[in-house]
Every structure is written in C-alpha cells, then in structure tokens.
Amino acid sequence: MASAACNRARLAVTASAFALVVAAGPALAQDAAPSQDATSVGDIIVTAQKREQSIQDVPIAVTALSAETLDAMKIDGGSELVRAVPNVSFSKSNFSMYNFSIRGVGTKAISASSDPAVAVSFNNTPLIRNRLFEQEYLDVNRVEVLRGPQGTLYGRNATGGVVNMIPNLPGPHFDAMMKVEAGNYNSMRGQMMVNIPVTDTFWIRAAGSLTKREGFDYNTFNETRVNDRDLYSTRLSAAWEPTDRFSANLIWEHFGEDDRRSRTGKQLCTKDEGPTQVGSFAVTDSFTRNRMSQGCMASSLFDDAAYGTPNGGAFSHVFMGAMMNYGYDPDEFVPAYAFYYLTDPYAGVTQSKDLREISTAYDPKFRAENDVVQLNWRYEFNNGLTFHSQTAFAKDDYYSTQDYSRYVSNDIFVDSSPARSSWPGGPTLPPSPAAPGGIYTDPQLGPSSSILSVDVSQSDNKQFTQEFRLQSAWDGRFNFSLGANYLDFKSEDNYYVFNNLFSFIGEYFYNQNLSSGFLDTIPCGDPSAPAWRECVYVEYSPLSELEGDGHNYFRSRNVVRTRSLGVFGEAYWDVADTVRVTAGLRYTDDRKTTTPYPSQLLLGASPDGTPGLSSGGYVNRGYPALPDVKQSWDAVTGRFVVDWKPNVAFSDDTLVYASYSRGYKGGGTNPPRVDINPEVIQYQPLASEFAPEYINAFEIGTKNSFMDGRMRLNATAFYYDYSDYQVSQIVDRISLNENFDARIWGVELEGAFYPTPAWRIDANVGYLNTRVADGEKSIDVMNRTQGNADWTLLRPWVQVPSNCIAPTKHVETILSFGYDGVTTGQALQALCSGSARYGSFNPEFDTILPMWAFFGFTYDGVTEAPNYGRGFDADLSGNELPNSPNWTANVGTQYTLPVNGWDITFRADYYWQGESYFRIYNTEYDKLKSWDNTNISVTAENVVSGLSVQFYVKNVFDKTPITDAFTNSDDTGLTTNVFTLDPRLMAISVSKKF
80 MASAACNRAR LAVTASAFAL VVAAGPALAQ DAAPSQDATS VGDIIVTAQK
130 REQSIQDVPI AVTALSAETL DAMKIDGGSE LVRAVPNVSF SKSNFSMYNF
180 SIRGVGTKAI SASSDPAVAV SFNNTPLIRN RLFEQEYLDV NRVEVLRGPQ
230 GTLYGRNATG GVVNMIPNLP GPHFDAMMKV EAGNYNSMRG QMMVNIPVTD
280 TFWIRAAGSL TKREGFDYNT FNETRVNDRD LYSTRLSAAW EPTDRFSANL
330 IWEHFGEDDR RSRTGKQLCT KDEGPTQVGS FAVTDSFTRN RMSQGCMASS
380 LFDDAAYGTP NGGAFSHVFM GAMMNYGYDP DEFVPAYAFY YLTDPYAGVT
430 QSKDLREIST AYDPKFRAEN DVVQLNWRYE FNNGLTFHSQ TAFAKDDYYS
480 TQDYSRYVSN DIFVDSSPAR SSWPGGPTLP PSPAAPGGIY TDPQLGPSSS
530 ILSVDVSQSD NKQFTQEFRL QSAWDGRFNF SLGANYLDFK SEDNYYVFNN
580 LFSFIGEYFY NQNLSSGFLD TIPCGDPSAP AWRECVYVEY SPLSELEGDG
630 HNYFRSRNVV RTRSLGVFGE AYWDVADTVR VTAGLRYTDD RKTTTPYPSQ
680 LLLGASPDGT PGLSSGGYVN RGYPALPDVK QSWDAVTGRF VVDWKPNVAF
730 SDDTLVYASY SRGYKGGGTN PPRVDINPEV IQYQPLASEF APEYINAFEI
780 GTKNSFMDGR MRLNATAFYY DYSDYQVSQI VDRISLNENF DARIWGVELE
830 GAFYPTPAWR IDANVGYLNT RVADGEKSID VMNRTQGNAD WTLLRPWVQV
880 PSNCIAPTKH VETILSFGYD GVTTGQALQA LCSGSARYGS FNPEFDTILP
930 MWAFFGFTYD GVTEAPNYGR GFDADLSGNE LPNSPNWTAN VGTQYTLPVN
980 GWDITFRADY YWQGESYFRI YNTEYDKLKS WDNTNISVTA ENVVSGLSVQ
1030 FYVKNVFDKT PITDAFTNSD DTGLTTNVFT LDPRLMAISV SKKF
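Residues 80 to 1073, numbered by the numbering used here, are exactly what the sequence shown covers, in order.
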C-alpha cells in the first residue's frame, strides 16, 4: 500500500505540471505578452520522414532533443534518453550490446543472429552494431526518437522505433568551441570543435572528445577500483556545395575505449541448499542434497538473502573431484581426492549488500573500437525532384572480460605434494604435479587455490549500406518519395568461459597418464600417448594470446552474414487544405547465412580419430563447423496516415492524426549447442531456429501549440498486435530464442511551456499495458518443476549443461538404497541423461553400467518426462513483456536570471519509472522495483564573450536501483547479474565559443 501511495504521489507531480499548463493558459493570455522569441517553445526541424519538417507537422510520435536541450538535461549519451522520452527503457546487455526498448518493443533476443528491434541510426544510417550508447554525444545537432514501427522509410528492424543521432555538419562560417570539465571520481572530460570554410563552397569540421575517470565500483578482494572509463571520440567531416542544386558531405567518426568497464554489475544469488525431503525419504547429508540443488533459488532480488552465493557443491565440475585422487594418506582408508568436493566451496562466503562493491580475484578489462564512414550527396533536378544517395561503412571491434562467478570461493584444490600410497599401507607414490601446496596453475587463468572463472565476450563486425532515394518537392497537392537500399552485414561473435576446474579435469581426468602410477597428465598429441586413448585438448596459450582451439574452456563461436534488399515508396496527398493522406509500402528481402560452430567443453576423442567413449566428443581439438544454415524471409510492410490541421479557436496550431503501420524484424538461428555424440550421452533436443516478428500498430495523436507558442502539448494513444515476439534465456549454455504473441496499448503526453520569459517547465508521462497472448507457454529454468511434487530437479553430467527433472518416486528409490554418495550421485545423473560409460536406466541405451539392473526400474528421461526432461511449461498468458514499466514520467524546470551581462540558469529534472519485470515469467524473482532519478545544474553564460560555466549534479540522492537483470546458465548455478545506474556525479565545466 505504501509503495502504491508513493507511485501515485510521483505521478501526481508530473500530472500537476500538465495541469499547470492548462490552468495557466487563460491567466497567461491576459498578461502583457513578452516577445515571441523570448517565450515560445522553440521549433525543431526534424527528418523523421526523410525530409525536413517542423516536429509539430510530422504525424509520428517523435521526440527531438537539440544539443542545447541535451546539455541542459545532462543527457550525455544514448542510455540517458529514458529521462526525456515517454515509454522508453534502457539496459546494458550481459554480452556485447544493449536493450533500448520503446513501448515494450526492444531487444530481448540476444543470439548473434538476432536483430535489434529499435533502429539506432547515425545521421539516418541504421547501424546494427554500434557504440552510440557507450560513447558520449559529440558535436550533436539533435537526437530524434521515433516511437512506433518505422519500417517504411527506415528499413528492417525498426519495429519498436528509431533513435537517430544527427551530427553537426560543416558550414560556411568559421566556428569553434572548447570545453573542459572536472568532477568527482577524478573525472576529466574535454571536447573541442572547429569549423573552417576553406573556400566559399568547401568546408571542413573537426570535433573530438575525451573522458577519463576512476571506477564507480570497488573490488574489496584486489583492493582496486573498477568500472572506470578511458574513452575518446573523433569526427572529421567535409562538405562541398558547388551549386545550389548539388551538395555532398563525407563523415568519418572514430570511437575508442580501453579501460576496466564492467559489462554487468554485482552477481546475486539466494542459495539453494537442496531438498531435505524427497517423497518420504529424509535427505540428511549435504553432498546428496547438492545433487538436487540448482545453485540459486527463484527468490526476490531485493531480499537480503539475495546477497548470498551459489551452492557450488551442486556444480557438476565440482562433483568430478570424486573421480580423481592422489592416493591414500598414511593410516587413512579413504583416498585423498583432488578437490574438496563433498561440501559447498562457497560455504560461509558472504558478500556486501552494497551494489557498488564486489569481491573478485579478476578485474575486468574492456576494449572497443568503432569506425563509421558515410558519404552523402544530393542532386536537385529542375523539375522539383531531388536525388539522394547515402553510402556508409561501419566497423566495430569489441573485447570484454570479467570474473564470471563474481565470488571468491574457499580453497578447492587439495595439496598434491604430501607422500601418499596407492592403497592403505602400500608403497609410496611420487607426488602429483597437479596442485603443489594446494595451488593449481591454469594455462589461461594462472595459479589459484580457489575456483577461478573468467569470461570473454568478443565481437567483430562489418557493415556496408547503400540507399538511393528520389523525392519530390512540388507546390501542388501531391508529393512522393521512392527509394531502395541494400545492407551487407558480417558478424563474428565469440563468447568464452574459462574455469580452472575445467582445465584440471581436462588434464588430470581425461588426459590422465595411466602408466605413471600416480595422478599425472599426458597432453593430447604427445607422441608417447596411446593412439587408442581418448584425450581432451588443453590449450596452454595465455589468455592474451589465445588460439581458440582448446576444449578446456567453453567457446561459443557464431558467424553470421546478413544481406537485405529493400524497395520502398511513400506518397503524400493533400486531399484538402487541412487534410493530408500519407501512404507507404516497403518490400524487404532478407537473407541470413549462419555458420554453426558447436561448443566442445571437455569433449574429446582418440588421437586416431575414434569418437570419445567417455566424454561423448567427436574431435579432441578445434571447433569444426557444421553445414551453413541459410534462411530467407520477405515481408511487405508500410503505413497509412491521415492527418488534419483544423482551425480551432483554443490553439495556435493543431495537428490531429490517425495511422496504421506494420513492422517486421527478421528471425534467425539459435546458437549451436555442445557437440555431444548421442550414442555416448543422451541429450535433450532444442529448437534450432526462431521466427521473424511482426507488429500491426494503430495510433492516434494530436500536436498542439497555444498562447502564441508559449505552450506545447502533444498526446498519443496506440495499440499493437504483436506476433512472434522474440525473447531469450540461457539454456544448454546458449541463448535459446523463443517466439510469443502479445498485445500492447498505451498513451503518452509531452508538454512544455513558458509561464514567464525566464521560466520553462517541461514534462512527459507514458502509460504502457503489455500482455502475452493466452495459451503461450515456456519452460522457466528457475522453476522447472512448477511446484509439482511428483517431480524433482536433478543435476546432470559435466558435459550436459542444463538441469533436468525426474520422477520423485525414482529419486526416492535411488536414495533409499543407501549407496555411497558418489554412486548415488551417478545414479541421479543417469536419470537426466544416460551415459555409455557411467550408466543409464534405459535398457535400449548401450551402457557398461545398467542402472536398471541395480535399482530395479527402467526409465528414459528423454521420452518419459515432460519436454524431454527439461521441465514443465509455465503459463505465460497475460504476463507483461520484460522491461515494460506501466508508468514512466519526467518533469523538468529551469529559470534564468540576468546578472551583469550573464544569464544564470537553474535547472532541475526528476524522472520516475514504475515496476517492471526482467523476464517474461513475471515471478517474484523477475520483479524490478520502481526507481527514480534527480538531476540539477546551474549554468552561467555570457553570450557576448561566448563563455559558459556550468556546475551539475546527476543522481542527486546517489540511488542504486536495479534497472535490469540477467539469469546465467544452469551449470553455474543460475546466478543473476544485475545492472544499475551510475552513482552521484558532480562536476564543473568551462566552455568557450569562438
């Protein structure tokens, strides 16, 4: 109740701003009117319809932010646009991109072959991979955010809308600017720009920016600050206008970053200790409970318990410690196992409840480079026709690495140095070289006594686009725009996970030197290794010089090429002086070629090429490609708009419009899974492809100016029929993309007005209602049994990434036999998937351990369990779409005082976002609380001298909300990476215009 009351209060603040606009209208109209220039809400010329128009004349829900507005609101990059645009949300991705969502339509499909749903454009060129949301705005003319499908003119993948960053281009007059800024976190920022008219018809412009600061987060283990910034941008452009009919410009923009930026924030987990009761059987030992633990429970991220650690004893790679030993300690009758596998390696480990404080042995590294080259030219014919050409090439390289697990475990490796015997009282064995002093040296991660796990996200992309467009500008009632464009996009994404337990298992289990008599290793390819012996290639290159062909780490390699051709046209017919009809059509032909490279973690084969009989692999080294997957789709999309400009007494200018538009986004392939031989290990099938998505959007809106331009009020209502919405979750270590139907509706209000010449108020409010269609369903990896007590969750073999469910009665039968923990654990694993070496309950599966004979029942988890043993479907009917808060609101105000030739402007902005969910299942675990953000600034500007001084504070109250989250894979405990806002930032800047 208290939360609801707070929400209503926050909405009331913004509603009051709109009420003040309406109520103040008559009173302000009676006052002595100040000059029009001093008080009118400035008009912005936009290119939302690929032609220059006043924003109030465009029948599209569009927000345009000038450079002055961006600076006043302290919107320094694309991620902060949420504070200025209704029904928009933003979050970084767990991997190499981000999710910018408009009206609930965003990019929750994270496969390498998936496309963004919001077209992010640089100077009208959509860029599939870009750094526009990581770099800071530089020498910007304006940013346009178009809401709703814009596929007719902006092409494929604009189902949610468009974010278009328009840079300043060279002009015929000399202009220059310099700006320096210093702030907390030892922040130093600088920008410069110079515009030089070389001749009367040829001009050049150069701009650059630099940001360097300390990290926002503190790593208590290494005692270092992380998540810092060291980035820069440069832009060089040239323009040539030899005649009034011909003009051309060439732009080159470069972005670079090399720092310790973190892709994600803290990792949360409510520990799952495993069940204490299975049927009527009481489970008392933690080792057996661990085999039925998923690592982390599906509990709220806002509970104190969420700041726990996963149950590492549930990890299959920890369980593998039972398969390796150094021999027997003197006078001991149990072997000295290689790992402390019987207990949770994270037992007793706690983490701070400060979201900006982590504890990890590995600091992040982040590198990115991006180049965009764009050539534009236009030629105007004598008959009112203009031909436009836009050519662009973009290259994006990205590398990020960070601690995957985000926790420091207890010691996991047993000291291999002490003298041990091959059996109790037997002869002494030589010491094993595996972990002297309890420290194992991983080839990539180095020495450690605890679990080390590190990931690398790497992406290399190239894009070429060409668009031709012919437009009319006739004086009559009819005009048109015809065009065609072509896209060729090549991408290679690589995602690695390194873990020192993986390497240890590869070296000392699969590559164990059996002839040595003690725990030793013989590398794959060693001439002395038997040709028949299965081995797993362990790469010994350091992380900085990785060859990428090792099987001692997880690698997901995704190579995709997309080629798209579009032909489009739009007609504008003024059926009356105040009524215009717009009709547009687009035909898109998409072709995607994906080269699948299955992962090979701990998979091996014999040197003579015989597939592995233990690991289930086909090869022992490298990542062989499967045949190319070729997909193609064609789509006809478009829009139909009727807009009316009535002459009404209550406004200066009014536009009313109604529109229908259809959007399309291509489908793709799910990344290939682990390349397991099904004759060695049974494996659950998964869908290999996902479908395109489509939106039928209906919208009505009105744009209004009042009181001689002092007040502006725009309103929009919309309804979407959404088919095959794409969303991902991690299954079998890949991003499994699924399709669901949904519907969306909402309303938006945007307003601005000047009560006095010196005082401005602006505000926006968005309401969004999203619902998944009835009958849609999906397996929730956080709750595979869906509360069904007849089924129990189990952990699988180390090569099999995902958990499974099995009949509780069979689990109870196995537990009741009272075998030792290792035997019991192997039997439980066999309920997930049969293994040729380690057992199966299916008499038809060839295995050396017929578990059915030992336990007295038969079972095939692939055919007898729901969804091949993956779990029960969760009913999604009526659920909200992820990252779709019901309410967003922003209110800002500024006041300017003239003081001795200086204009002193005080500004404050308040933004609030309502509750939402980060997954489509809408459980308590998925819920994101509402959050708000306040920013203030004081600017002193002397127009005559061109000097400006500004002090600002962003995130005034230093809040740390969880703005999004990501669920990791089953085999690492279903931990949750969270994302948050930047902390309180304070800075002072000085700028000079010349």
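C-beta atoms are modelled at their ideal positions from N, C-alpha and C, and glycine is treated no differently. Small disclaimer: the values here were computed from a predicted structure and weren't measured.
Report task. Return the first residue and the last residue of the alpha helix (DSSP H) that A127 is part of. Result -> Taking the first residue of the sequence shown as position 1, residue 127 is located at position 48. Neither: A127 is in no alpha helix (DSSP H) and is coded neither H nor E.
Query raised in the report: Can you give the Cα-Cα distance for L681 and I584, rounded to whole angstroms?
Result: As a working mapping, residue 681 is identified with position 602 in the sequence shown. As a working mapping, residue 584 is identified with position 505 in the sequence shown. Distance between the alpha carbons of L681 and I584 is about 8 Å.
Query raised in the report: To the nearest angstrom, how far is it from the Cα of P875 to the Cα of K709?
Result: Stepping through the sequence shown from its first residue, residue 875 is reached at position 796. Stepping through the sequence shown from its first residue, residue 709 is reached at position 630. Approximately 33 Å, taken between the alpha carbons.
**Report entry** Among G391, S740 and F398, the one whose alpha carbon lies nearest that of E352
**Finding:** As a working mapping, residue 352 is identified with position 273 in the sequence shown. Out of G391, S740 and F398, G391 has the C-alpha closest to the C-alpha of E352.
Query raised in the report: By how many angstroms is the C-alpha of G344 removed from the C-alpha of D307?
Result: Position 228 of the sequence shown, counted from the start, is the residue given in the question as residue 307. Position 265 of the sequence shown, counted from the start, is the residue given in the question as residue 344. Looking at the two C-alpha atoms, the distance is approximately 13 Å.
Requested in this report: Ignore the nearest five residues each way along the sequence and tell me which others in S511's own chain have a CB closer than 6 Å to its CB.
Outcome: Residue 511 sits at position 432 when you count from the first residue of the sequence shown. Within the same chain, S511 has close Cβ partners Y405, S495, F597 and L598.
Query raised in the report: Are the segment 395–410 and the segment 574–593 touching, with three or more C-beta to C-beta distances below 8 Å?
Result: yes
Query raised in the report: Is the segment 862–871 close to the segment 198–207, with three or more CB pairs under 8 Å?
Result: no
Query - Beta-carbon proximity check, W553 vs G463, cutoff 8 Å - result: The count along the sequence shown starts at 1 and reaches residue 553 at position 474. The count along the sequence shown starts at 1 and reaches residue 463 at position 384. Yes. Within cutoff.
**Report entry** Counted within 10 angstroms of its Cβ, other Cβ atoms place E923 as buried (16 or more) or exposed
**Finding:** Taking the sequence shown and counting its residues from 1, the one referred to as residue 923 is at position 844. Exposed, since its Cβ has fewer than 16 Cβ neighbours within 10 Å.
Query - Nearest-angstrom beta carbon gap, P690 and A684 [assumed within contact, 8 Å] - result: Counted from its first residue, the sequence shown places residue 684 at position 605. Counted from its first residue, the sequence shown places residue 690 at position 611. Correct: roughly 5 Å between the Cβ atoms.
Query raised in the report: Which residues in the same chain have their Cβ closer than 8 Å to the Cβ of F588, if we skip the five residues on either side of it in sequence?
Result: Within the sequence shown, the letter at position 509 stands for residue 588. Taken in chain order, the residues that qualify are M399, M402 and M403.
Requested in this report: For M272, collect the residues of the same chain with a Cβ closer than 6 Å to its Cβ; drop the 5 residues on either side in sequence, then sort them by chain order.
Outcome: Taking the first residue of the sequence shown as 1, we reach residue 272 at position 193. Answer for M272: D218, M256 and A286, listed in chain order.
Query raised in the report: Which word fits H630, buried or exposed, when buried means at least 16 other C-beta atoms lie within 10 angstroms of its C-beta?
Result: For the purposes of this step, residue 630 is taken as the residue at position 551 of the sequence shown. Around the beta carbon of H630, 16 or more other beta carbons lie within 10 angstroms, which makes this residue buried.
Query raised in the report: What residue does the beta strand (DSSP E) around D1043 start on, and which one ends it?
Result: For this step, residue 1043 is matched to residue 964 along the sequence shown. Note, D1043: beta strand (DSSP E), I1041 to T1046.
Query raised in the report: Between which two residues does the beta strand (DSSP E) containing A196 stretch?
Result: Along the sequence shown, read from residue 1 onward, the residue named residue 196 stands at position 117. No residue range can be given for A196, since it is assigned to no beta strand (DSSP E) and is classified by DSSP as neither H nor E.
Query raised in the report: What first and last residue would you give for the alpha helix (DSSP H) that runs through F581?
Result: For the purposes of this step, residue 581 is identified with residue 502 of the sequence shown, where counting begins at 1. Secondary structure note for F581: its alpha helix (DSSP H) is the uninterrupted segment N579 to I584.
Query raised in the report: Based on the DSSP output, what are the partners of T600 in its beta bridges?
Result: As a position in the sequence shown, residue 600 is number 521, starting the count at 1. Looking at the DSSP assignment, T600 forms a beta bridge with Q591.
**Report entry** Alpha-carbon to alpha-carbon, P409 and P506
**Finding:** Taking the first residue of the sequence shown as 1, we reach residue 506 at position 427. Taking the first residue of the sequence shown as 1, we reach residue 409 at position 330. Cα to Cα, the separation comes out at about 10 Å.
Report task. Tell whether a beta-carbon distance below 8 Å holds between A906 and V759. Result -> In the sequence shown, the residue the question calls residue 906 occupies position 827. In the sequence shown, the residue the question calls residue 759 occupies position 680. No, Cβ-Cβ distance for A906 and V759 is not below 8 Å.
Query - Nonlocal neighbours in the same chain, by C-beta distance under 6 Å from R208, ignoring five residues either side - result: Taking the sequence shown and counting its residues from 1, the one referred to as residue 208 is at position 129. Correct list, in chain order: D475 and N540.
Report task. Measure the alpha-carbon distance for P886 versus W931 and round it to whole angstroms. Result -> For the purposes of this step, residue 886 is taken as the residue at position 807 of the sequence shown. For the purposes of this step, residue 931 is taken as the residue at position 852 of the sequence shown. Whole-angstrom Cα-Cα distance: 15 Å.
Requested in this report: Could you check which residue in V413, L434, K1038 and N592 has the C-alpha nearest to that of Y386?
Outcome: Reading the sequence shown from its first residue, position 307 is the one you call residue 386. Nearest C-alpha to Y386: L434.
Report task. Please confirm whether any heavy atom of the ligand MN lies closer than 7 Å to the CB of G504. Result -> Absence of the ligand MN is noted for the structure shown, with no ligands found whatsoever.
Requested in this report: In angstroms with no decimal places, state the Cα-to-Cα distance between P228 and V1035.
Outcome: In the sequence shown, counting from the first residue as 1, residue 228 sits at position 149. In the sequence shown, counting from the first residue as 1, residue 1035 sits at position 956. Whole-angstrom Cα-Cα distance: 35 Å.
Query raised in the report: Helix, strand or coil for N265 per DSSP?
Result: Indexing the sequence shown from 1 puts residue 265 at position 186. It is coil, neither helix nor strand.
**Report entry** Top-ranked residue by Cα proximity to G745, from N489, S802 and A766
**Finding:** Walking along the sequence shown from the start, residue 745 turns up at place 666. Nearest C-alpha to G745 among N489, S802 and A766: S802.
Query - Per-residue burial, A117 [other beta carbons within 10 Å of its own, 16 or more giving buried] - result: Taking the sequence shown and counting its residues from 1, the one referred to as residue 117 is at position 38. Note on A117: pLDDT 40, under 50, position unreliable in the model; the coordinate value appears next. An exposed status is given to A117, since fewer than 16 other beta-carbon atoms sit within 10 Å of its beta-carbon.
Query raised in the report: Roughly how many whole angstroms lie between the Cα atoms of K782 and S479?
Result: As a position in the sequence shown, residue 782 is number 703, starting the count at 1. As a position in the sequence shown, residue 479 is number 400, starting the count at 1. Per the coordinates, the alpha-carbon of K782 lies some 44 Å from the alpha-carbon of S479.
Query raised in the report: Does the distance from the C-beta atom of V362 to that of F418 stay below 8 Å?
Result: The residue you call residue 362 lines up with position 283 of the sequence shown. The residue you call residue 418 lines up with position 339 of the sequence shown. No, Cβ-Cβ distance for V362 and F418 is not below 8 Å.
Query - Cβ-based neighbour list, R457, same chain, cut-off 8 Å, excluding 5 preceding and 5 following - result: For this step, residue 457 is matched to residue 378 along the sequence shown. Cβ contact annotation for R457 (same chain, cutoff 8 Å, sequence separation greater than five): F325, S326, A327, T465, F466, H467 and S468, in chain order.
Report task. Report the residue from T667, D787 and Q270 whose alpha carbon sits nearest the alpha carbon of G230. Result -> Translated into positions along the sequence shown, residue 230 becomes position 151. Ranking the options by Cα distance to G230, first place goes to T667.
Report task. Have a look at F334, E436, T322 and Y264 and flag the residue whose alpha-carbon is nearest the alpha-carbon of N301. Result -> Against the sequence shown, residue 301 aligns to sequence position 222. Checked all of F334, E436, T322 and Y264; the closest Cα to N301 is E436.
Query raised in the report: Where does V826 fall in DSSP's three states?
Result: Within the sequence shown, residue 826 is the residue found at index 747, counting from 1. V826: strand per DSSP, three-state reduction.
**Report entry** Assigned secondary structure, S635 (DSSP; H/G/I helix, E/B strand, else coil)
**Finding:** For the purposes of this step, residue 635 is taken as the residue at position 556 of the sequence shown. When DSSP states are grouped into helix, strand and coil, S635 belongs to the strand group.
Requested in this report: Could you check what DSSP says for S114 in three-state terms: helix, strand or coil?
Outcome: Taking the first residue of the sequence shown as 1, we reach residue 114 at position 35. With a pLDDT of 35 at S114, under the threshold of 50, the modelled position of that residue is not reliable, and the figure given next carries that caveat. DSSP places S114 in coil when its eight states are reduced to three.
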